[in-house]
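Novice:
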Amino acid sequence: MQILVVDDELASREKMEIILGTYGRCRTAESGSEAISQFQAALKQQRWFQLVTLDIAMPDLGGTEVLLQMRHLENDFQVPKDRRSTIIMVTGCSDKEQVITCVENGCDDYIAKPFNHQILSAKLKHLGCIREIPDSDAPGASSQGLSADSILKEINRSLSRGELELPAQPLVLTRFRELKESGADLDQVAQLLQQDMTIAAKVMRVANSALFRGFDIARTAAQAIGRLGMSAVDQIVTTMANQRMFANASDRYRPLLQSLWRHSLASALAAQAVAGTTGRRFAIDPFVAGLMHDMGAMALIQIIAQMERRSHFSKAVTPEAVAETVIANHARFGAKLLSKWTFAPAYVQTTLSHEKICEGTDVGEELAVVHLSNLIAKSIGCPGLNPSAELDLSQALSARRLGLGTPQLIMIMQKCQAELEASEIFGQAGG
């Protein structure tokens, strides 16, 4: 099923994409005009969208007007009635008149924010967009899929039998860390990075950017590394190597992993900004710790996808059960993964405990940085696994532990948001 998700709010758009990504291939638009352009292009190619979710309230062009134009385009292209897009309006308000107007102008149904997987799934079934998978269609599957506990048991069973392994650390990152720890010179590090031209090009580009460039252009990898310093190069190598792991997924889980990656990058930028604001020195690189804290979620999703491909599960696996499994177990799996990758104990501990700090516990500064950066990432529209309830960040135990108040936190959020949007240094996939 080809799906178009239209919403100007990033968090809502990503949430919808994650849910609908289990039913088909999603494309997104962050404005009404962009949605119409994509819709028209699809009609021209005779590859129209079977499903469109359309936010009613958007700044440039309201959802009602977009709906009208989409239906007019279908008329212009003489799309048969049984092939027209199912259009679901998404509203964050209770304005019945707007909803009625949309129904009168050709929408098929509506859904109110906040929504969840169960609500949306029930709506799609009612509209005939999806159907229940009967037993005969899925050998070995019952009418109910595996529970989260059963999924975890089957994962552990496959791991203990050696049928599967935890993901290996990217080779370029392993070799880079070995060289760094051995005190290798710039030429040796440069020779390694030149074996991966994408990473080498990124290092050169950053070294010659306005932020780092001196009077002369860095013309060799060794010159670029010397200009940036080993810590900055470590961040670039770690970012790009791990990003590839998040990008390696089946269509079913790609939206979830993309959301996780954006959350991880936002957390890394937030952790670096938090550390810089406090002016303290830490036993870990805050950026790397923020980047790696949800690595266990990536590992679990990759393992589940691999087990599905190999038919290792005894029953069907539902998106709800996958989400529950990952949310409940990602911290423990992440700690196990970082331990396997020989990260220092401080990284392992912050990954294990980043969601489990509470009043009355002794919270170390490193853990406080990762915990707070996780909350900041969610607050600026990068929810990752699941959004947090709105909260006053200044009241978070981690913010109080670090002595950060509202003015400082606002500045950190603004800095993180700007760096994430620019992505000048760390970029998007393949950057």
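When we follow this note's numbering, the leftmost residue of the sequence shown carries the number 292, and every step to the right adds one. Built from N, CA and C at the ideal position, the CB exists for glycine as well. For clarity, every value in this text was computed on a predicted model and none was experimentally measured.
#1: Quick check on G520: buried or exposed, where buried means 16 or more other Cβ atoms within 10 Å of its Cβ?
#2: What's the C-alpha gap between A561 and I703?
#3: Would K416 count as contacting chain B if we go by Cβ distances under 8 Å?
#4: How about the segment 616 to 625 and the segment 579 to 591: do they share at least three Cβ pairs that are nearer than 8 Å?
#5: Please report how far the alpha carbon of L556 lies from the alpha carbon of T529, in whole angstroms.
#6: Count the other CB atoms, across all protein chains shown, that sit within 10 Å of the CB of D476; report buried if there are 16 or more and exposed otherwise.
#7: Is the CB-CB distance between D399 and D346 below 8 Å?
#8: Cα-Cα, which of L676, C673, I701, S664 is closest to L688?
#9: By how many angstroms is the C-alpha of I594 removed from the C-alpha of F761?
#10: Can you name, in chain order, every residue of its own chain whose Cβ lies under 6 Å from the Cβ of G517, other than the five neighbours on each side?
#11: Where does T609 sit, in a helix, a strand or coil, going by DSSP?
#12: Y638 lies in the alpha helix (DSSP H); which residues open and close that run?
#13: To the nearest angstrom, how far is the alpha carbon of E712 from that of R466?
#14: Are at least three pairs of beta-carbons, each pair with one atom in the segment 360 to 377 and one in the segment 329 to 348, less than 8 Å apart?
#15: Determine whether the beta carbon atoms of A481 and T511 lie at a separation below 8 Å.
#16: Do V661 and H584 have their CB atoms nearer than 8 Å?
#17: Could you tell me the distance, in whole angstroms, from the CA atom of Q686 to the CA atom of L693?
#18: Looking only at C-alpha atoms, which of H645, E657, V654, N620 sits nearest to L737?
Specialist: On the basis of the supplied data:
#1: Looking up residue 520 in the sequence shown gives position 229. Exposed, since its Cβ has fewer than 16 Cβ neighbours within 10 Å.
#2: Position 270 of the sequence shown holds residue 561. Position 412 of the sequence shown holds residue 703. Those two C-alpha atoms are separated by around 7 Å.
#3: The chain labelled as chain B is not found in the depicted structure, where only one protein chain is given.
#4: The segment 616 to 625 vs the segment 579 to 591: in contact.
#5: One-based indexing of the sequence shown puts residue 556 at position 265. One-based indexing of the sequence shown puts residue 529 at position 238. In this structure, the alpha-carbon of L556 lies about 11 Å from that of T529.
#6: Position 185 of the sequence shown, counted from the start, is the residue given in the question as residue 476. Its Cβ having fewer than 16 others within 10 Å, D476 is exposed.
#7: Locating residue 399 in the sequence shown gives position 108, where the first residue counts as 1. Locating residue 346 in the sequence shown gives position 55, where the first residue counts as 1. The beta carbons of D399 and D346 sit no closer together than 8 Å.
#8: Working through the sequence shown from its first residue, we reach residue 688 at position 397. Residue nearest to L688 within the set L676, C673, I701, S664 is S664 (criterion: CA-CA distance).
#9: Here the chain comprises residues numbered 292 to 722, so residue 761 is not present and cannot be evaluated.
#10: Taking the sequence shown and counting its residues from 1, one reaches residue 517 at position 226. Around G517, the same chain offers L477 as residues with beta carbons nearer than 6 Å, after the five sequence neighbours per side are excluded.
#11: On the sequence shown, residue 609 is found 318 positions in, with the first residue counted as 1. In the three-state scheme derived from DSSP, where H, G and I count as helix and E and B as strand, T609 is classed as coil.
#12: Position 347 of the sequence shown, counted from the first residue, corresponds to residue 638. Taken as a continuous stretch (DSSP letters only), the alpha helix (DSSP H) holding Y638 covers 636 to 644.
#13: Taking the sequence shown and counting its residues from 1, one reaches residue 712 at position 421. Taking the sequence shown and counting its residues from 1, one reaches residue 466 at position 175. Taking the CA atoms as reference points, E712 sits about 31 Å from R466.
#14: By the criterion of at least three beta-carbon pairs nearer than 8 Å, the segment 360 to 377 is in contact with the segment 329 to 348.
#15: If you number the sequence shown from 1, residue 481 lands on position 190. If you number the sequence shown from 1, residue 511 lands on position 220. Closer than 8 Å, so yes.
#16: Against the sequence shown, residue 661 aligns to sequence position 370. Against the sequence shown, residue 584 aligns to sequence position 293. Their beta carbons are under 8 Å apart, which means V661 touches H584 by this criterion.
#17: On the sequence shown, position 395 is the one that residue 686 refers to. On the sequence shown, position 402 is the one that residue 693 refers to. If you take the alpha carbons of Q686 and L693, they lie about 11 Å apart.
#18: This structure leaves residue 737 out entirely; the chain is present only between 292 and 722.
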